[in-house]
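Each residue of the sequence shown is one higher than the last, beginning at 11 in full-length UniProt numbering.
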Amino acid sequence: VVEVDARSPGTAISTDLFGVFFEDLNYAADGGLYAELVQNRSFEYGPADRPEWHSLTAWELLERQGAAGSLTVTDDDPLHPANPHYAVLTSTTVEGVGLRNEGFDGIPVRAGEAYDVSLFARLAEGEDTVGPLIARIESRDGEQVHGQVELGPLDGVWRRHTAVVTSEATDPDARFTLTASGPGTVHLDLISLFPRSTFKNRPNGLRADLAQAIADLRPKFLRFPGGCLAHGQGLGNMYRWSETVGPLHERRQQFNIWHYHQSMGLGYYEYFQFCEDIGAKPVPVVPAGVCCQNSEVTGQAGLPEEDMEAYVAEVLALVEWANGPADSPWGALRAAAGHPEPFGLQYLGVGNEDAVTDIFRDRFSRIHDALREHHPEITVIGTLGPATFGEDWEKGWAFARERNLRVIDEHSYKSPRWLLENSRRFDHLDRRGPHLYIGEYGSWGNDGRGALAEAVYMIGMERNGDVVRMASYAPLLARRDHTQWLPDLIYFDKTHVWTTLNYHVQRMHSLNSGDTVLPVTVTAAPQPPAVRVSDRHDIRIGTGTGTRAAFADVRCGPAGGELLPAPDFDNWDTQDGTWDIDGRIAAGEGAGPLLTEAVRGTRYSFAVRARKTDGAEGFVL
Ligand code: AHR
Numbered sequence: 011v012v013e014v015d016a017r018s019p020g021t022a023i024s025t026d027l028f029g030v031f032f033e034d035l036n037y038a039a040d041g042g043l044y045a046e047l048v049q050n051r052s053f054e055y056g057p058a059d060r061p062e063w064h065s066l067t068a069w070e071l072l073e074r075q076g077a078a079g080s081l082t083v084t085d086d087d088p089l090h091p092a093n094p095h096y097a098v099l100t101s102t103t104v105e106g107v108g109l110r111n112e113g114f115d116g117i118p119v120r121a122g123e124a125y126d127v128s129l130f131a132r133l134a135e136g137e138d139t140v141g142p143l144i145a146r147i148e149s150r151d152g153e154q155v156h157g158q159v160e161l162g163p164l165d166g167v168w169r170r171h172t173a174v175v176t177s178e179a180t181d182p183d184a185r186f187t188l189t190a191s192g193p194g195t196v197h198l199d200l201i202s203l204f205p206r207s208t209f210k211n212r213p214n215g216l217r218a219d220l221a222q223a224i225a226d227l228r229p230k231f232l233r234f235p236g237g238c239l240a241h242g243q244g245l246g247n248m249y250r251w252s253e254t255v256g257p258l259h260e261r262r263q264q265f266n267i268w269h270y271h272q273s274m275g276l277g278y279y280e281y282f283q284f285c286e287d288i289g290a291k292p293v294p295v296v297p298a299g300v301c302c303q304n305s306e307v308t309g310q311a312g313l314p315e316e317d318m319e320a321y322v323a324e325v326l327a328l329v330e331w332a333n334g335p336a337d338s339p340w341g342a343l344r345a346a347a348g349h350p351e352p353f354g355l356q357y358l359g360v361g362n363e364d365a366v367t368d369i370f371r372d373r374f375s376r377i378h379d380a381l382r383e384h385h386p387e388i389t390v391i392g393t394l395g396p397a398t399f400g401e402d403w404e405k406g407w408a409f410a411r412e413r414n415l416r417v418i419d420e421h422s423y424k425s426p427r428w429l430l431e432n433s434r435r436f437d438h439l440d441r442r443g444p445h446l447y448i449g450e451y452g453s454w455g456n457d458g459r460g461a462l463a464e465a466v467y468m469i470g471m472e473r474n475g476d477v478v479r480m481a482s483y484a485p486l487l488a489r490r491d492h493t494q495w496l497p498d499l500i501y502f503d504k505t506h507v508w509t510t511l512n513y514h515v516q517r518m519h520s521l522n523s524g525d526t527v528l529p530v531t532v533t534a535a536p537q538p539p540a541v542r543v544s545d546r547h548d549i550r551i552g553t554g555t556g557t558r559a560a561f562a563d564v565r566c567g568p569a570g571g572e573l574l575p576a577p578d579f580d581n582w583d584t585q586d587g588t589w590d591i592d593g594r595i596a597a598g599e600g601a602g603p604l605l606t607e608a609v610r611g612t613r614y615s616f617a618v619r620a621r622k623t624d625g626a627e628g629f630v631l
């Protein structure tokens with residue numbers, strides 16, 4: 011019997027409870043959500059991304075119909091210091107040569123769709139012309155041209171050239187080529203092919219099908235850009251938000267801690283815009299001034315003393331960039347990018363899974379103090395790391411209390427069993443805070459059991475929605491054949507999107523999340539003991555409904571025969587219960603082996619005397 015006390019005012023559930031966490035791993039950004047079709051468009055790939063990668067990865071020289079020439083990369087007098095490498099294309103024959111890009115596992119195009127072509131080009135010194143540049147979408151073997159357009163004229167100055175090309179064919183595996191029409195040398199950079207039909211038709215926008223799958227979750231917030239990606243691998247690899255806004259060619263690209271490249275085409279402006287487009291609050295995470303777990307990997311613990319002032323200023327600038335008026339110094343940059351209205355930043359994550367060391371305490375505190383002083387309106391989310399219940403986790407809680415943090419970010423990638431067993435752990439949290447943001451969680455293993463366990467864990471969060479402020483499953487996206495973490499919520503390749511059972515659990519909770527928890531009383535009828543014959547031919551007994559019982563006497567024997575006392579009875583009647591995934595007690599209190607040589611198919615009789623240990627006396631199963 012379930013009784014709900016509808017007259018009680020109940021407890022309010024956080025209005026920001028279920029959101030999403032986007033991290034650029036599994037090719038989630040470039041080759042994923044970011045809709046760019048050209049791979050390595052700025053020639054900035056290199057061995058730091060992946061040992062075998064170089065500036066011309068994904069590109070090749072195209073010499074057709076007797077044309078000959080060369081394709082090299084240089085950084086001499088570049089387009090912008092943040093984007094130092096560019097291609098040098100030389101045609102030594104009357105017929106021009108070209109270069110060809112393979113995209114991310116091929117370039118998918120659709121008949122009748124328009125694509126924006128853009129690039130920066132400059133004629134090499136002493137050149138008058140290389141003729142117009144011809145951009146083509148063509149079949150993989152080059153036999154069919156699906157669409158082509160001319161760009162130019164060029165001169166000796168870096169200039170941006172744009173054109174629109176419409177594909178006449180649907181081809182999931184096309185290629186993009188750019189050919190000079192005549193002899194000579196031309197410099198090329200940031201060569202882009204972008205679908206017109208992005209999510210909400212934003213220029214430099216997002217892949218519509220993937221963005222829609224995220225939007226369909228109706229997330230209350232979007233956390234970005236990581237995870238480990240936020241602090242990166244080493245000081246130079248920290249994700250610095252201010253280097254990811256502004257014109258694309260001025261954004262500093264860098265290697266991705268997950269072993270590929272970040273073009274930063276999907277930067278802070280695009281993240282904030284996406285949040286707005288799907289009605290989710292932006293939750294950016296900035297590094298806490300320390301490296302990955304204060305990094306043993308790189309030998310660098312955190313930003314040097316002399317860099318801290320500028321770093322703190324950069325974090326403060328983020329708030330002004332997001333929320334400041336259009337005529338404030340940073341707000342003006344946002345306005346220039348096309349968004350004069352403030353974005354309404356409310357939460358800011360500082361750090362990710364950082365070890366609570368002296369340098370972390372120092373760097374975090376300086377950032378936190380500055381935010382508290384200049385932007386008390388911002389809720390700072392601290393970092394607790396994995397739910398280990400160990401010393402580090404305790405230290406994280408102690409530090410959060412010491413700093414009087416309002417919200418801290420805990421992660422739990424666990425077995426389905428752990429999630430089930432821990433769905434009540436939030437019941438015992440101190441309601442005064444700090445409140446929890448379960449920033450990353452998910453069950454290991456990708457069968458239905460994991461999704462069910464996550465559902466139970468989420469119910470635990472919602473029931474405690476006064477102290478569990480926010481939660482987001484992780485990871486969100488994974489490109490097939492480039493998947494680095496299992497399981498994930500949404501899988502995709504260049505043309506398809508697949509949602510998982512876990513996705514539908516998220517969606518179900520997000521779309522139906524409650525606003526108030528009311529007191530509920532459940533009265534369960536006593537149930538017969540759950541008995542099963544295990545593979546080891548043991549018979550085990552349990553209370554079956556979660557009731558805790560102390561057993562006074564348990565006997566068992568073949569039906570009609572003598573009932574024998576359970577062996578080792580004293581060893582198993584006082585332990586804590588642990589539960590199997592199927593809901594039966596596997597071992598512990600109220601459970602244990604009765605017979606070790608039971609025969610499958612034989613009928614058995616039981617005599618059980620037990621007492622409930624959670625209240626009522628004299629309860630006999
Ligand atoms: O989600 C993958 C990684 O797991 C995140 O980058 C990190 O925060 C966590 O350890």
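All residues carry an ideal CB built from backbone N, CA and C; glycine is no exception.
Per-residue burial, residue i [other beta carbons within 10 Å of its own, 16 or more giving buried]
| i | result |
| --- | --- |
| I147 | buried |
| H506 | exposed |
| M468 | buried |
| H438 | exposed |
| T526 | exposed |
| A16 | exposed |
| Q33 | The residue you asked about is not Gln; residue 33 is Glu in the sequence shown. That one is buried. |
| V12 | exposed |
| T393 | buried |
| P61 | exposed |
| L27 | buried |
| S18 | exposed |
| G361 | buried |
| T553 | Low confidence applies here, because T553 scores a pLDDT of 47, under 50, leaving its location unreliable and the question unanswered by this model. |
| E464 | buried |
| G458 | exposed |
Beta-bridge partners of residue i, as assigned by DSSP
| i | result |
| --- | --- |
| I391 | G359 and V417 |
| V478 | L446 |
| K291 | F231 |
| H349 | DSSP, once it has assigned bridges, lists no residue as partnering H349. |
| W69 | N111 |
| E160 | I144 |
| G312 | V300 |
| N432 | In the DSSP output, where bridge partners are listed per residue, N432 has none listed. |
| H519 | Note: H519 sits in no beta bridge, so no partner. |
Range covered by the alpha helix (DSSP H) that runs through residue i
| i | result |
| --- | --- |
| H506 | Counting along the chain, H506 falls outside any alpha helix (DSSP H), and DSSP gives it neither H nor E. |
| Q222 | A218 to A225 |
| I144 | First-last for I144: L143 to E148, but that is the beta strand (DSSP E), not the alpha helix (DSSP H). |
| Q283 | Y278 to I288 |
| K230 | That residue, K230, is in no alpha helix (DSSP H); it is neither H nor E in DSSP. |
| G460 | G458 to R473 |
| D372 | D368 to H384 |
| R411 | E401 to E412 |
| L245 | First-last for L245: undefined, no H or E at that position. |
Bounding residues of the beta strand (DSSP E) (the contiguous stretch that carries residue i)
| i | result |
| --- | --- |
| P118 | I117 to V119 |
| N50 | Per DSSP, N50 belongs to no beta strand (DSSP E) and is neither H nor E. |
| P205 | G194 to P205 |
| D126 | A124 to L133 |
| H269 | Per DSSP, H269 belongs to no beta strand (DSSP E) and is neither H nor E. |
| H171 | R169 to T176 |
| D181 | D181 to A190 |
Near the ligand AHR: residue i beta-carbon under 7 angstroms from a heavy atom
| i | result |
| --- | --- |
| W495 | yes |
| N362 | yes |
| G236 | yes |
| H269 | no |
| H384 | no |
| L35 | yes |
| A397 | no |
| A298 | no |
| P485 | yes |
| H421 | yes |
| L239 | yes |
| E450 | yes |
Cutoff 8 angstroms: residue i Cβ touching any chain B Cβ
| i | result |
| --- | --- |
| N333 | Among the chains of the structure shown, chain B does not appear; only one protein chain is present. |
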